[in-house]
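Student: Got a structure for you, written out below as structure tokens; questions coming shortly.
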Amino acid sequence: MADEIITQDNDEPQNPLWDAPTIKAPKPNSTVSPGFQIIAGEYLSAKTDWRIHIMQGDKLVREFKAFGVSVYLDVPYDVIPQGEAFYFKVDYYKWPSWSNWAYSGDLLMAELGDPTILKPVDNEVVTIKTPEVSGIGVAGANIVVKTADHSMVVCQTTVDADGTWRDTLSEYVSSFPVAITASQTVRQLVSGWSNIVNINYLYSDLKAPVILSPLPNAYVRRTEVVVSGNNCAPGATVNLYKAGSGVVLHGTGTVKSDGTWTIIGKDNMYLGPFPLTVQQVFDGKPSGYSDTVNINLIL
Numbered sequence: 056m057a058d059e060i061i062t063q064d065n066d067e068p069q070n071p072l073w074d075a076p077t078i079k080a081p082k083p084n085s086t087v088s089p090g091f092q093i094i095a096g097e098y099l100s101a102k103t104d105w106r107i108h109i110m111q112g113d114k115l116v117r118e119f120k121a122f123g124v125s126v127y128l129d130v131p132y133d134v135i136p137q138g139e140a141f142y143f144k145v146d147y148y149k150w151p152s153w154s155n156w157a158y159s160g161d162l163l164m165a166e167l168g169d170p171t172i173l174k175p176v177d178n179e180v181v182t183i184k185t186p187e188v189s190g191i192g193v194a195g196a197n198i199v200v201k202t203a204d205h206s207m208v209v210c211q212t213t214v215d216a217d218g219t220w221r222d223t224l225s226e227y228v229s230s231f232p233v234a235i236t237a238s239q240t241v242r243q244l245v246s247g248w249s250n251i252v253n254i255n256y257l258y259s260d261l262k263a264p265v266i267l268s269p270l271p272n273a274y275v276r277r278t279e280v281v282v283s284g285n286n287c288a289p290g291a292t293v294n295l296y297k298a299g300s301g302v303v304l305h306g307t308g309t310v311k312s313d314g315t316w317t318i319i320g321k322d323n324m325y326l327g328p329f330p331l332t333v334q335q336v337f338d339g340k341p342s343g344y345s346d347t348v349n350i351n352l353i354l
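Here the sequence shown is numbered in the numbering used here, starting from 56 and rising by one per residue.
Right, dumping it as structure tokens:
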């Protein structure tokens with residue numbers, strides 16, 4: 056555990072009797088991510104004091120102090136701005152003086168770019184309810200995938216060490232076309248939003264439509280029958296039948312992009328009690344029939 060101290064850099068003369076410690080991470084001339092770890096050590100028989108100076112040129116940006124036989128320091132995410140060059144130096148105290156400094160070499164603080172969605176590709180047609188979504192990002196980052204209007208989180212995951220990530224989309228969005236985008240977070244740094252990917256759903260186990268209107272037992276003029284509902288595949292055809300017959304077509308409609316639909320009834324329905332049911336057909340494949348809604352047709 057290291058303690059943070061903000062001060063001026065006191066580059067006092069070093070005692071050549073004590074060798075500089077060994078910096079094990081990060082490697083010189085590397086690009087580091089916000090929140091990177093400094094690891095340094097020396098062959099010490101007992102715990103001692105350490106100093107870690109984060110530098111830009113001759114300027115001391117931040118000093119940290121630690122106590123132990125080695126140093127494991129998680130550098131706070133906000134010490135060095137994204138995209139800026141810096142270095143650090145480390146020394147330790149061994150009575151009666153401090154050791155020589157060990158220098159990290161030049162380092163660069165990475166910018167937290169936007170993640171990329173690689174799969175599905177834009178406008179891909181998927182045939183399962185919960186397709187895999189995958190992409191690339193910063194190792195260890197938290198990925199959040201949302202609908203493109205940011206109204207719904209559809210999956211969350213973590214970027215693997217190789218910079219890739221994957222998860223499956225929520226079934227909640229599988230009944231209509233959806234556009235998705237992703238962002239990533241490293242500690243308290245949040246990226247912008249990735250490319251937008253439009254997904255179209257087509258799967259063989261079509262759901263039965265749901266009739267929302269008219270309500271059960273409603274009285275409806277025979278020439279003014281309008282049946283509407285949802286739970287259908289965009290672009291599917293919806294057909295209106297008398298429940299139990301499935302032969303005579305009493306109206307048809309096309310499902311909208313949000314899964315809703317409307318059917319204007321034909322004038323071939325008889326007066327009196329009339330049980331309504333609806334079936335959807337997509338790519339030649341029929342669904343089951345909706346629950347029956349009984350209405351009363353009047354003049």
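Every residue, glycine too, gets a C-beta built ideally from N, C-alpha and C.
Our contact map puts T236 next to S225 with C-beta atoms below 8 Å; I'd like the distance itself, whole angstroms only.
Tutor: At roughly 15 Å, the Cβ-Cβ gap does not stay under 8 Å, so T236 and S225 are not in contact.
Student: Among D104, Y325, G112, which residue has its Cα nearest to the Cα of S152?
Tutor: Taking only the C-alpha atoms, the option nearest S152 is D104.
Student: Please determine, among V241, E97, Y142, the residue with the shortest C-alpha to C-alpha distance to G112.
Tutor: Measuring from the Cα of G112, the nearest candidate turns out to be Y142.
Student: Do the segment 134 to 141 and the segment 92 to 99 make contact, defined as three or more Cβ pairs closer than 8 Å?
Tutor: At 8 Å Cβ cutoff, the stretches do not touch.
Student: For G327, collect the residues of the same chain with a Cβ closer than 8 Å to its Cβ; drop the 5 residues on either side in sequence, then sort them by chain order.
Tutor: So the list reads N351, L352, once near-sequence residues are dropped.
Student: Report yes if the CB atom of N253 is closer than 8 Å to the CB atom of V180, and no otherwise.
Tutor: No. Outside cutoff.
Student: 8 Å is my cut-off, CB to CB: does F329 come that close to chain C?
Tutor: The chain inventory of the structure shown lacks chain C, comprising one protein chain alone.
Student: Cα-Cα, which of T202, T292, D74 is closest to V145?
Tutor: It is D74 whose Cα lies nearest to the Cα of V145.
Student: Is H205 buried or exposed, if buried means 16 or more other CB atoms sit within 10 Å of its CB?
Tutor: Classification of H205: exposed, given that the 10 Å Cβ count is below 16.
Student: According to DSSP, which residues form a beta bridge with L115?
Tutor: The partner list for L115 (beta bridge, DSSP) reads M110.
Student: Give me the residue from L173, A165, A80, K321 with the minimum Cα distance to Y158.
Tutor: Nearest option by C-alpha distance: A80.
Student: Please name the residue in T292, T240, P175 whose C-alpha comes closest to that of A234.
Tutor: Selected option, being the one with the closest Cα: P175.
Student: Taking the alpha-carbon of Y132 as reference, which of N155, G299, P264, M164 has the nearest alpha-carbon?
Tutor: Comparing Cα positions, the closest option is M164.
Student: For the ligand GDP, I want to know if A196 counts as a neighbour, meaning its beta carbon is within less than 7 Å of at least one of the ligand's heavy atoms.
Tutor: As far as ligands go, the structure on display features none, and thus does not contain the ligand GDP.
Student: To the nearest whole angstrom, what separates the beta carbons of N285 and L267, a pair I think is in contact under 8 Å?
Tutor: The pair is a contact, with the Cβ atoms about 7 Å apart (cut-off 8 Å).
Student: Return helix, strand or coil for T278, following the three-state DSSP convention.
Tutor: Of the three classes helix, strand and coil, the one that applies to T278 here is helix, per DSSP.
Student: Report the rounded CA-to-CA distance for R242 versus D177, giving the unit in angstroms.
Tutor: Distance between the alpha carbons of R242 and D177 is about 30 Å.
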